[in-house]
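Everything on this sheet refers to the single structure shown next.
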Amino acid sequence: MLCLRPHHALCIQKYTGHGYDEAFTRHMDELTAALRRQPDTPVRLTEGCDDLCTACPHNAGGVCATADKVRRMDEAVLRLCGYAYGQELPWRELAGEAARRIFETPDFEAVCSDCEWVGLCRETGKF
Ligand code: SF4
Ligand code: SF4
Numbered sequence: 006m007l008c009l010r011p012h013h014a015l016c017i018q019k020y021t022g023h024g025y026d027e028a029f030t031r032h033m034d035e036l037t038a039a040l041r042r043q044p045d046t047p048v049r050l051t052e053g054c055d056d057l058c059t060a061c062p063h064n065a066g067g068v069c070a071t072a073d074k075v076r077r078m079d080e081a082v083l084r085l086c087g088y089a090y091g092q093e094l095p096w097r098e099l100a101g102e103a104a105r106r107i108f109e110t111p112d113f114e115a116v117c118s119d120c121e122w123v124g125l126c127r128e129t130g131k132f
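Residue numbers (this note's numbering): 6 to 132.
Pasting the structure below:
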């Protein structure tokens, strides 16, 4: 079971090898490769830091340095996809729903426009 905060359903799909530092990027490489190999991996939607944040330099003892901003993104993804914290579903389903309801609509800008990576993510295709 992979624990993911909801907006990471977007970031994982837009990942192209760029990250905060070497350890974070290596972790993302492994996580995205594993999800490509096993798209039916079960995911639990988590509030707060998750299995992706574990390698992030902005994770200070389990709290994100930009906690308010990423919480707003998480809540937007839950609302737009009709999900709730604690829900469990296959990665394939989560990724598809996030792509359909967010990447393919103007809501992508509404959710992501104040993220430092948005320029890259606008240029990147789906997972
Ligand atoms: S713009 Fe930021 S929050 Fe949105 S998918 Fe990209 S990295 Fe994630
Ligand atoms: S700690 Fe914050 S910045 Fe780092 S991956 Fe988690 S949500 Fe993103």
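Every residue, glycine too, gets a C-beta built ideally from N, C-alpha and C.
Query: Distance CB(Arg49)-CB(Cys8) smaller than 7 angstroms; Result: yes
Query: Three-state class that DSSP yields for Cys3 in the structure shown; Result: With the chain covering 6 to 132 only, the question about residue 3 has no answer from this structure.
Query: Own chain, CB closer than 8 angstroms to Arg10, minus 5 neighbours either side, in chain order; Result: Leu50, Thr51, Glu52, Gly53, Cys54, Asp55, Leu57, Cys58, Val75, Asp79
Query: Cut-off 8 angstroms between Cβ atoms - residues of its own chain near Ile107, not counting five sequence neighbours on either side; Result: Leu15, Val82, Leu85, Cys86, Phe113, Val116
Query: Val82 CB to nearest heavy atom of ligand 2 below 6 angstroms; Result: no
Query: Coil, strand or helix - Arg49 by DSSP; Result: strand
Query: Contacting residues, own chain, Cβ-Cβ under 6 angstroms from Tyr90 (five flanking each side not counted); Result: Leu50, Glu52
Query: Leu125 burial status per 10 Å Cβ neighbour count (16 or more: buried); Result: exposed
Query: Contact under 7 angstroms by Cβ, Arg97 with Pro44; Result: yes
Query: Cβ-heavy atom distance, His23 to ligand 2, below 6 angstroms; Result: no
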